[in-house]
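Asks: Let me give you the structure first, and then I'll get to my questions.
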Amino acid sequence: MTSIELIEHAPARQLTLDDMTGQALAASGIAEAAPDPWIPGQWRIRAGTKVGVTAVTLPDGRVITVRIRPKVPIARLLFLLGYSRNPKGWRTDEVPMAEETELLPVLARLFAVQTEEALRQGLIQGYQPTEETALIVRGRIREADQIRKHHGRFLPLEIAHDEFTADIAENRLLRTACERLLRLPVRVSKDTRGKLQRLRVRLAEITPIDRGHQVPSWRASRLNARYHKALRLAELVLHGSSVEHHPGDVMVSGFLFDMARVFEDFVTVALREALADDGGHCVLQDGHHLDEDRQIRIVPDFVRYSGDGIPVAVADAKYKAEKPEGFPDADLYQMLSYCTALNLPEGHLVYAKGNATHAAHRVRHAGITIHQHALDLDQPPAELLDEIGALARLLST
Numbered sequence: 001m002t003s004i005e006l007i008e009h010a011p012a013r014q015l016t017l018d019d020m021t022g023q024a025l026a027a028s029g030i031a032e033a034a035p036d037p038w039i040p041g042q043w044r045i046r047a048g049t050k051v052g053v054t055a056v057t058l059p060d061g062r063v064i065t066v067r068i069r070p071k072v073p074i075a076r077l078l079f080l081l082g083y084s085r086n087p088k089g090w091r092t093d094e095v096p097m098a099e100e101t102e103l104l105p106v107l108a109r110l111f112a113v114q115t116e117e118a119l120r121q122g123l124i125q126g127y128q129p130t131e132e133t134a135l136i137v138r139g140r141i142r143e144a145d146q147i148r149k150h151h152g153r154f155l156p157l158e159i160a161h162d163e164f165t166a167d168i169a170e171n172r173l174l175r176t177a178c179e180r181l182l183r184l185p186v187r188v189s190k191d192t193r194g195k196l197q198r199l200r201v202r203l204a205e206i207t208p209i210d211r212g213h214q215v216p217s218w219r220a221s222r223l224n225a226r227y228h229k230a231l232r233l234a235e236l237v238l239h240g241s242s243v244e245h246h247p248g249d250v251m252v253s254g255f256l257f258d259m260a261r262v263f264e265d266f267v268t269v270a271l272r273e274a275l276a277d278d279g280g281h282c283v284l285q286d287g288h289h290l291d292e293d294r295q296i297r298i299v300p301d302f303v304r305y306s307g308d309g310i311p312v313a314v315a316d317a318k319y320k321a322e323k324p325e326g327f328p329d330a331d332l333y334q335m336l337s338y339c340t341a342l343n344l345p346e347g348h349l350v351y352a353k354g355n356a357t358h359a360a361h362r363v364r365h366a367g368i369t370i371h372q373h374a375l376d377l378d379q380p381p382a383e384l385l386d387e388i389g390a391l392a393r394l395l396s397t
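Note that full-length UniProt numbering has the sequence shown beginning at 1, numbered continuously upward.
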């Protein structure tokens with residue numbers, strides 16, 4: 001098995017690859033891959049904003065494992081992941097990880113530890129809607145199905161009832177995440193793999209979620225409180241491992257996070273929390289229209305409203321500055337459209353430090369100022385949240 005190690009947004013690596021392998025990487029969409037125009041057999045491979053591990057299966061059956069490390073420390077990435085738009089879950093963890101350089105082994109270890117703790121008192125149970133064919137009435141009769149299937153006969157009966165069972169959404173999430181972690185191309189410790197295998201045995205009677213099916217939702221309550229951290233990690237595993245497609249004759253499956261999405265979620269959710277006690281309300285991914293005929297749709301990442309429902313601030317998170325050919329300042333144009341549509345004198349673009357500089361631009365003849373902020377992700381969480389707090393104060397003035 002060929003293994004390729006990359007770093008997120010690092011300079012391209014020069015690798016000796018056969019054409020089938022290079023073309024498979026290019027088709028996978030996992031990383032940029034192009035043949036060297038001057039050296040036959042050499043390919044330039046460069047990672048984008050996705051981090052994690054994935055396996056690319058070639059038409060001839062060979063498998064290439066691609067591991068992409070994030071620029072930020074793993075502990076910091078897990079902190080950022082705790083601010084995903086789903087508000088359930090966790091912010092920090094107690095598992096040591098200072099020496100880790102890969103995301104998935106850390107996540108597998110965290111999941112195993114938290115799930116073991118969650119199941120220490122046994123599996124929680126709940127009521128699950130069930131439909132079945134039976135000889136006795138239990139719950140209610142599904143009249144339409146009874147007529148359609150049995151044409152007026154009294155028996156058997158098509159019934160629906162709530163069954164008290166352990167086969168509920170919470171346990172299904174844990175079972176499926178455990179299966180995915182054991183199946184993915186990842187270098188986890190023997191101890192972690194042993195924990196995952198034991199967890200799979202404990203959850204053996206639970207129905208796993210079929211690949212491609214929607215991940216079931218769950219609601220935080222007092223009854224499932226001990227599951228919360230494990231469930232949040234399970235959701236991260238299942239969402240991150242959803243990469244599976246077949247570009248042409250190349251099959252790709254793996255576990256990847258898009259750092260652009262991670263950064264966007266962190267900025268917007270952390271801003272909303274920082275402004276929670278200041279009155280008004282905040283909307284994430286707030287849809288509006290730029291034109292009066294409502295044909296041109298715009299969706300700012302973050303809009304703050306006053307108590308009477310008037311927009312008072314707008315912000316957009318940009319992990320990396322967008323500079324498409326011919327439009328080197330595309331982010332600024334986009335924010336100008338937001339400010340114009342929302343009738344705001346100021347707009348805020350928030351970047352990860354190193355991808356853009358801090359600046360303010362006053363637009364001629366428009367009376368609009370666009371601010372560019374840079375967050376340093378490579379700092380302790382408390383200091384990072386202090387920067388978010390300072391930005392929140394700017395949006396509330």
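Ideal placement from N, C-alpha and C gives every residue a C-beta, glycine not left out. As the structure is a computational prediction, the values presented were derived from the model and not from experiment.
Between which two residues does the beta strand (DSSP E) carrying A63 extend?
Replies: Locating residue 63 in the sequence shown gives position 63, where the first residue counts as 1. Note on residue identity: the sequence assigns Val, not Ala, to residue 63. Here the beta strand (DSSP E) through V63 covers 63 to 69.
Asks: Report the residue from K353, A352, D167, T369 whose alpha carbon sits nearest the alpha carbon of A360.
Replies: Position 360 of the sequence shown, counting from 1, holds the residue named residue 360. Ranked by how close their Cα comes to the Cα of A360, the residues K353, A352, D167, T369 have T369 in first place.
Asks: On a CA-only basis, which of D18, S337, R261 is nearest V363? Give me that one, please.
Replies: Your numbering for residue 363 matches position 363 in the sequence shown. The option with the nearest alpha carbon to V363 is S337.
Asks: In this structure, does DSSP put H361 in helix, strand or coil?
Replies: Residue 361 sits at position 361 when you count from the first residue of the sequence shown. Three-state result, H361: strand.
Asks: In the DSSP assignment, what are the bridge partners of residue 460?
Replies: Residue 460 lies beyond the stretch modelled for the chain, which goes from 1 to 397, so this question has no answer here.
Asks: To which residues does DSSP link S3 through a beta bridge?
Replies: Taking the first residue of the sequence shown as position 1, residue 3 is located at position 3. According to DSSP, which records beta bridges pairwise, S3 is partnered with T65.
Asks: Closest to L233 by C-alpha separation, out of L17, R69, G22, L81, would be which residue?
Replies: One-based indexing of the sequence shown puts residue 233 at position 233. It is L81 whose Cα lies nearest to the Cα of L233.
Asks: Leaving out five residues on either side along the sequence, give the residues of the same chain with a beta carbon under 7 Å from the beta carbon of G22.
Replies: For this step, residue 22 is matched to residue 22 along the sequence shown. Here the set comprises A33, P35, W43.
Asks: Might you give, ordered along the chain, the residues of its own chain that have their beta carbon closer than 8 Å to the beta carbon of L173, omitting 5 neighbours on each side?
Replies: Taking the sequence shown and counting its residues from 1, one reaches residue 173 at position 173. Hits under 8 Å: I209, V215, P216, W218, L231, A234, E235, L238.
Asks: Can you find the residues in the same chain that come closer than 6 Å, C-beta to C-beta, to V312, ignoring five residues on each side of it along the sequence?
Replies: Locating residue 312 in the sequence shown gives position 312, counting from the first residue. Closer than 6 Å at Cβ, skipping near neighbours: R304, S306.
Asks: Would you mind reading off the limits of the beta strand (DSSP E) that contains V350?
Replies: What you label residue 350 is simply residue 350 of the sequence shown in a count that begins at 1. Taken as a continuous stretch (DSSP letters only), the beta strand (DSSP E) holding V350 covers 346 to 352.
Asks: Does R120 pass the burial test, meaning 16 or more other C-beta atoms within 10 Å, or should it be called exposed?
Replies: Locating residue 120 in the sequence shown gives position 120, counting from the first residue. Burial call: exposed.
Asks: Please classify R211 as buried or exposed, where buried requires at least 16 neighbouring CB atoms within 10 angstroms.
Replies: Start at 1 with the first residue of the sequence shown, and residue 211 comes out as number 211. When all chains shown are included, R211 counts as exposed.
Asks: If you draw a straight line from the alpha carbon of Q128 to that of E179, how long is it in whole angstroms?
Replies: Mapped onto the sequence shown, residue 128 falls at position 128. Mapped onto the sequence shown, residue 179 falls at position 179. Q128 and E179: Cα-Cα distance of roughly 22 Å.
Asks: Does the Cβ-Cβ distance between A274 and G347 come in under 8 Å?
Replies: To locate residue 274, count along the sequence shown from 1; it is residue 274. To locate residue 347, count along the sequence shown from 1; it is residue 347. Result no, Cβ atoms of A274 and G347 do not sit closer than 8 Å.
Asks: Could you compute how far the alpha carbon of I74 sits from the alpha carbon of V106?
Replies: For the purposes of this step, residue 74 is taken as the residue at position 74 of the sequence shown. For the purposes of this step, residue 106 is taken as the residue at position 106 of the sequence shown. So the alpha carbons of these two residues sit roughly 8 Å apart.
Asks: Is it the case that the Cβ atoms of D308 and Q285 are separated by a distance below 8 Å?
Replies: Numbered from its first residue, the sequence shown carries residue 308 at position 308. Numbered from its first residue, the sequence shown carries residue 285 at position 285. No, they are not a contact pair.
Asks: Just the Cα atoms here: how many angstroms apart are D386 and A315?
Replies: As a first step, residue 386 must be located in the sequence shown, where it is residue number 386. As a first step, residue 315 must be located in the sequence shown, where it is residue number 315. The alpha-carbon atoms of D386 and A315 are separated by roughly 17 Å.
Asks: CA-CA distance, Q14 and I45?
Replies: Taking the first residue of the sequence shown as 1, we reach residue 14 at position 14. Taking the first residue of the sequence shown as 1, we reach residue 45 at position 45. Take the alpha-carbon of Q14 and the one of I45: they are about 7 Å apart.
Asks: Give the DSSP bridge partners of I368, in chain order.
Replies: Taking the sequence shown and counting its residues from 1, the one referred to as residue 368 is at position 368. DSSP lists V363 as the bridge partner or partners of I368.
Asks: Out of curiosity, what's the CA-to-CA distance linking Y333 and T340?
Replies: Within the sequence shown, numbered from 1, the residue matching residue 333 stands at position 333. Within the sequence shown, numbered from 1, the residue matching residue 340 stands at position 340. Straight across, the Cα-Cα distance linking Y333 with T340 is about 11 Å.
Asks: Tell me where the alpha helix (DSSP H) around G389 begins and ends.
Replies: Here residue 389 corresponds to residue number 389 of the sequence shown, with the count starting at 1. From DSSP, the alpha helix (DSSP H) with G389 extends over 381 to 396.
Asks: Hey, does T2 have any beta-carbon neighbour from chain C nearer than 8 Å?
Replies: Of the chains in the structure shown, none is chain C; there is only one protein chain.
Asks: On the DSSP letters alone, give me the boundaries of the beta strand (DSSP E) that R44 sits inside.
Replies: As a position in the sequence shown, residue 44 is number 44, starting the count at 1. 42 to 47 is the extent of the beta strand (DSSP E) around R44.
Asks: Let me check understanding here. Comparing Cα to Cα, which of P11, L123, D376 lies closest to L223?
Replies: Residue numbering aside, residue 223 sits at position 223 when the sequence shown is read from its first letter. The shortest Cα separation from L223 among P11, L123, D376 belongs to L123.
Asks: Leaving out the 5 sequence neighbours to the left and right, which residues in its chain are closer than 7 Å to L17 when beta-carbon positions are compared?
Replies: Within the sequence shown, the letter at position 17 stands for residue 17. So the qualifying residues of the chain are W43.
Asks: What residues in its chain sit with their C-beta under 7 Å from that of L203, if we drop five residues either side in the sequence?
Replies: Walking along the sequence shown from the start, residue 203 turns up at place 203. Contacts found: N171, L174, R175, C178.
Asks: So, L342 versus H288, is the Cβ gap smaller than 8 Å?
Replies: Translated into positions along the sequence shown, residue 342 becomes position 342. Translated into positions along the sequence shown, residue 288 becomes position 288. In this structure, H288 lies closer than 8 Å to L342 by Cβ.
Asks: Of all the options T65, D293, A47, G61, which has the alpha carbon lying nearest to the alpha carbon of V53?
Replies: Locating residue 53 in the sequence shown gives position 53, where the first residue counts as 1. When the alpha-carbon of V53 is set against those of T65, D293, A47, G61, the nearest one is in T65.
Asks: For D316, which of helix, strand or coil comes out of DSSP?
Replies: For the purposes of this step, residue 316 is identified with residue 316 of the sequence shown, where counting begins at 1. For D316, the secondary structure class from DSSP, reduced to helix, strand or coil, is strand.
Asks: Taking L123 as part of the alpha helix (DSSP H), name the residues at either end of that continuous run.
Replies: For this step, residue 123 is matched to residue 123 along the sequence shown. Segment: none, L123 is in no alpha helix (DSSP H) and carries neither H nor E.
Asks: Taking the CB atoms as reference points, tell me whether T49 and E8 lie closer together than 8 Å.
Replies: As a working mapping, residue 49 is identified with position 49 in the sequence shown. As a working mapping, residue 8 is identified with position 8 in the sequence shown. Closer than 8 Å, so yes.
Asks: Nearest by alpha-carbon distance to A330: which of V72, E292, K353, Q372 is it?
Replies: Start at 1 with the first residue of the sequence shown, and residue 330 comes out as number 330. Nearest C-alpha to A330: Q372.
Asks: Which residue comes first and which comes last in the alpha helix (DSSP H) that contains residue 443?
Replies: Missing from the structure shown is residue 443; the chain here goes from 1 to 397 and no further.
Asks: For R109, which option in G194, A10, G41 has the closest C-alpha, if you only look at C-alpha atoms?
Replies: Here residue 109 corresponds to residue number 109 of the sequence shown, with the count starting at 1. Comparing Cα positions, the closest option is G194.
Asks: What does the alpha-carbon distance come out to for the pair I168 and D258?
Replies: Locating residue 168 in the sequence shown gives position 168, counting from the first residue. Locating residue 258 in the sequence shown gives position 258, counting from the first residue. Spanning the two alpha carbons is a distance of roughly 30 Å.
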